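Following: one structure in structure tokens, then a few remarks.
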Ligand code: PEP
């Protein structure tokens, strides 16, 4: 059997935790996680922009802490007249390693198209960081049987013009929109089926080697109760966690899913 890719478990804090709260959360998380966890799993936290400098210095002060710093979004340009936006170059300077791109909330509330997502994926690479590109269907699309068509399109458009070696190093997060923040989770079989399809589309776009290497996270109401089963699926290489990542105890349990009961 082929060796599975090292999982990446990422905490997307969305617009929660000010910078004082963020410091406490990462200190507690660093205390709860240890060398065995980092050997088994890569971990990232994605605080709001205003917390990033505080989280960066807090992580730097923690001994033997390998939690990577992430952002939730960035602009595609390096600088310019883009009031209110954040440059990927600024994130690199703050030791940000991963940037979430095209989260469904950005697509829905801030009208980010597949083309914008693609431009951001490339900008993140240009600045030496790793994109976590989100894809996923609405409840209406799932019920209409168009999940595959929607996700196929998002993957093809999102990866257009991205070099195969970059695709190999990036992360794609499959997040069924109806499962985000709702407490509803896709069954592990349904999540696996879409993640396998994403890998097959990636093979068509970027080749078999890139598809074998790309990490595909599942996101949508991941919690300690369902993490182990989801992570056991062949094409699921981690989790993008929203609500449950706000509490360091809950998030640590998800990172340590291998110790959870079956
Ligand atoms: C998310 O924010 O990407 C997410 C999956 O949220 P939740 O875990 O709360 O469903």
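Residue numbers (my numbering): 779 to 1040.
Glycine included, every Cβ here is placed at the ideal spot set by N, Cα and C.
This one's a predicted model, so the numbers in the text were calculated from it and none came from an experiment.
{"Query": "DSSP state of residue 911 mapped onto helix, strand, coil", "Result": "strand"}
{"Query": "Through-space distance from residue 941 to residue 719, alpha-carbon basis", "Result": "The first residue shown for the chain is 779 and the last is 1040, placing residue 719 beyond what the model contains."}
{"Query": "Three-state secondary structure (DSSP) of residue 945", "Result": "helix"}
{"Query": "Residue 795: CB within 8 Å of a non-hydrogen atom of ligand 1", "Result": "no"}
{"Query": "Helix, strand or coil at residue 1016 [DSSP, three-state]", "Result": "strand"}
{"Query": "Cβ-heavy atom distance, residue 953 to ligand 1, below 8 Å", "Result": "yes"}
{"Query": "Alpha carbon of residue 816 to alpha carbon of residue 960, nearest angstrom", "Result": "29 Å"}
{"Query": "Start-to-end residues for the alpha helix (DSSP H) that takes in residue 894", "Result": "892-904"}
{"Query": "Within 9 Å, strictly: CB atoms of residue 823 and residue 797", "Result": "no"}
{"Query": "Three-state secondary structure (DSSP) of residue 783", "Result": "coil"}
{"Query": "Euclidean distance between Cα positions of residue 982 and residue 1014", "Result": "19 Å"}
{"Query": "Where residue 822 falls: helix, strand or coil (DSSP)", "Result": "strand"}
{"Query": "Rounded separation between residue 811 and residue 1029 - CA only", "Result": "10 Å"}
{"Query": "Sufficient close CB pairs (3 or more, under 8 Å) joining the region 876-884 to the region 786-794", "Result": "yes"}
{"Query": "N-terminal and C-terminal residue of the beta strand (DSSP E) that residue 1036 is part of", "Result": "First-last for residue 1036: undefined, no H or E at that position."}
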